[in-house]
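For the protein sequence lines, the chains are A and B, in the order given. Going by our numbering, the first residue of the first sequence is number 1268, and it counts up by one from there. Going by our numbering, the first residue of the second sequence is number 47, and it counts up by one from there. In this text, a Cβ means the ideal position worked out from N, Cα and C, and glycines have one as well. Small disclaimer: the values here were computed from a predicted structure and weren't measured.
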Amino acid sequence: MADAFSGYHPAVQFVYFVLVIGFSMFQMHPVCLLISLVCALTYAIRLSGRRAVRFSLCGLLPLMLVTAALNPVFNHEGATILAYFPNGNPLTREAILYGIAAACMMVTVILWFSCYNKVMTSDKFLYLFGRVIPALSLIFSMTLRFVPRFTAQLRTVTAAQRGMGRGGSGSVVRRAKNGIAVLSAMITWALENAVVTADSMKSRGYGLRGRTAFSLYRFSRRDAGLLLFFVLCAVLTAGSAALGGLSWRYYPMTGGVWKAPISLTAFASYFALCLSPSALDWREERKWNALKSGM
Amino acid sequence: MKKNTHFFCLLCAALLIFLLASCAARPEEAGAESVPEETPGAAEDGSGETVSSPSCTLLIRCDTLLGKLEELPAGKAELVPADGLLLEATNVAFSEGESVFDVLKRELQARRMHLEFSENPLYDTAYIDGICNLYEYDCGELSGWIYRVNGETPGYGCSQYLLSDGDVIEWLYTCDLGNDL
């Protein structure tokens, strides 16, 4: 159990990620994007440490730059013309700003999903939905597990190949042949693995009526309190957005309407919602350190 | 086991069909773009040997939108001028062999006015997506920019229409494929 939030009831965690990913996907106000990006990054670093930093710098930052640069190349809407492309279409400030915002949003959602994968392990997901939608939840958890398992297996197969003397050296044709051999082994493994998992779950009676499963989750008052807090934050954010506190437009002219009390409420509640897992972890850490030093 | 493999095959097939379908389904473009069926016959009357360079009149109008401002997407209503004239009738000089599109592009760039177009190599002509941030589909599915020369709508794209001296070009915003003009 890496952090404090992982110890809460799976329902609370699931609701949290649904809310936060939902808001991140649909709320394009720049302040909200910034809040969500910073909090997602903070939480990802808290969960995975240096790996999250490396993933953000090597994977997400280039992705963000490319996405931000691509939008003004293909989208020419906007009132402020900065320059013209060789074919005569304008380069507009609005398209650049929108590209940056969209790139932020994409990276934020990817970061939240990386946190989701760390916190909502597949046993938790199956615990929540195994009864209601057995087949779909099995497929869903298998899909979510697929990429990490695939990379792990890929590392194993490559290591084995290297041990046989078919490492990453040699001519291009040689290396391509080795690569194809590895790929073929991986695909066979992935297909077989999916079938075996399905069969194995079936032979254990998964999804049958009256079948119970062992789980250690209890919905305590602590969970209820946190869930209430999340719902309150979400309602406040959504409510102030509905009242126009988060109105923002990118085209044809970038700008928004600032309504001090409503906008501030929205930002504060959204910030509280996005930061709460990291904050819980901080609190836990401080408490633990205080207890330790008092001993 | 057998049932599972069967299901898996079905899943793969469905995925493949979905991929193919999404590749094949391309959005249709409506409006001023069509296959040039007739050859543009404007530059045939040999009057291009005059000493002064030929000129035409350019006008950009969106007064069809005046009564429908609340149907536009948020923030676009302010882009429509009160009289609906984005560019009042202007006398524009052009050189021999220039098309309606060339003149529009040059004049709007000179005024730093917004214009977005897409060039379609299949039809070898340009399509006007938006002028002054008023875009196709902004006022319903049948809306977009249409052009008229000397009061008539040519049946081909604007970069195919070669201008002759004294032509009157009108760029008009329509909300109903030209039936409301």
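By alpha-carbon positions, which one of N1356(A), L1499(A), G1345(A) and Y1394(A) ends up nearest to F1481(A)?
Here the closest residue by C-alpha is Y1394(A).
Is there a C-beta anywhere in chain A that falls below 8 Å from the one on Y155(B)?
Sequence check: residue 155(B) is Gln here, not Tyr. Chain A, which has a Cβ nearer than 8 Å to the Cβ of Q155(B), makes this yes.
Quick one: which residues of the segment 1347-1367 of chain A get their C-beta closer than 8 Å to a C-beta of chain B? List them in chain order.
Correct list: I1348, Y1351, N1354, G1355, N1356, P1357 and T1359.
Excluding the five sequence neighbours on either side, which residues of its own chain have a C-beta within less than 7 Å of the C-beta of M159(B), listed in chain order?
C178
Which term fits M1431(A), buried or exposed, when burial requires 16 or more other beta carbons within 10 angstroms of its beta carbon?
exposed
For the ligand SAH, is there any heavy atom lying closer than 7 Å to the beta carbon of V1502(A)?
Among the components modelled here there is no ligand, and therefore nothing to report on the ligand SAH.
Residue range of the beta strand (DSSP E) that L115(B) falls in?
Element bounds for L115(B): n/a, residue is neither H nor E.
What does M1520(A) reach in chain B if we use C-beta pairs closer than 8 Å?
Within chain B, the residues near M1520(A) are G121.
Please check if any C-beta of chain A sits within less than 8 Å of the C-beta of N179(B).
yes
Judging by CA-CA distance, which residue of L218(B), V126(B), A139(B) and D129(B) is the nearest neighbour of G212(B)?
A139(B)
Do you know how far the Cα of E182(B) is from the Cα of L1495(A)?
46 Å
Listing by chain order, which chain B residues have their CB less than 7 Å from the CB of R1516(A)?
A120 and G121
If we count the other Cβ atoms within 10 Å of its Cβ and call it buried at 16 or more, is P73(B) buried or exposed?
Residue placement at P73(B) is flagged as unreliable, the pLDDT there being 38, under the threshold of 50; the coordinate-derived value follows with that caveat. P73(B) comes out exposed.
Residues of chain A with a CB under 9 Å from the CB of F163(B): which are they?
H1343, N1354, G1355 and N1356
Taking 8 Å as the threshold (beta carbon to beta carbon), is G176(B) in contact with chain A?
yes
State buried or exposed for E90(B), treating a residue as buried only when at least 16 other CB atoms are found within 10 Å of its CB.
Caution applies to E90(B), whose pLDDT of 42 falls short of 50 and renders its modelled position unreliable; the value that the coordinates give is listed next. So E90(B) counts as exposed.
Let me check understanding here. Comparing Cα to Cα, which of D1270(A), W1555(A) and I1288(A) lies closest to L1537(A)?
Reading the sequence as shown, one finds Tyr at residue 1537(A) and not Leu. Ranking the options by Cα distance to Y1537(A), first place goes to I1288(A).
Evaluate R107(B) with the Cβ neighbour count: other Cβ atoms within 10 Å of its Cβ, from every protein chain shown; 16 or more gives buried, anything less gives exposed.
buried
Shorter than 8 Å from the beta carbon of C69(B) to some beta carbon of chain A?
Annotation note: pLDDT 44 at C69(B) (below 50); position unreliable, no value reported.
Write down every uninterrupted run of the alpha helix (DSSP H) in the segment 1421-1507 of chain A whose length is 4 residues or greater and which is fully enclosed by it, in chain order.
1439-1470
With a threshold of 16 other CB atoms inside 10 Å of the CB of L1554(A), please say whether the residue is buried or exposed.
Per the sequence presented here, residue 1554(A) reads as Lys, with Leu not at that position. Answer is exposed; the Cβ neighbour count stays below 16.
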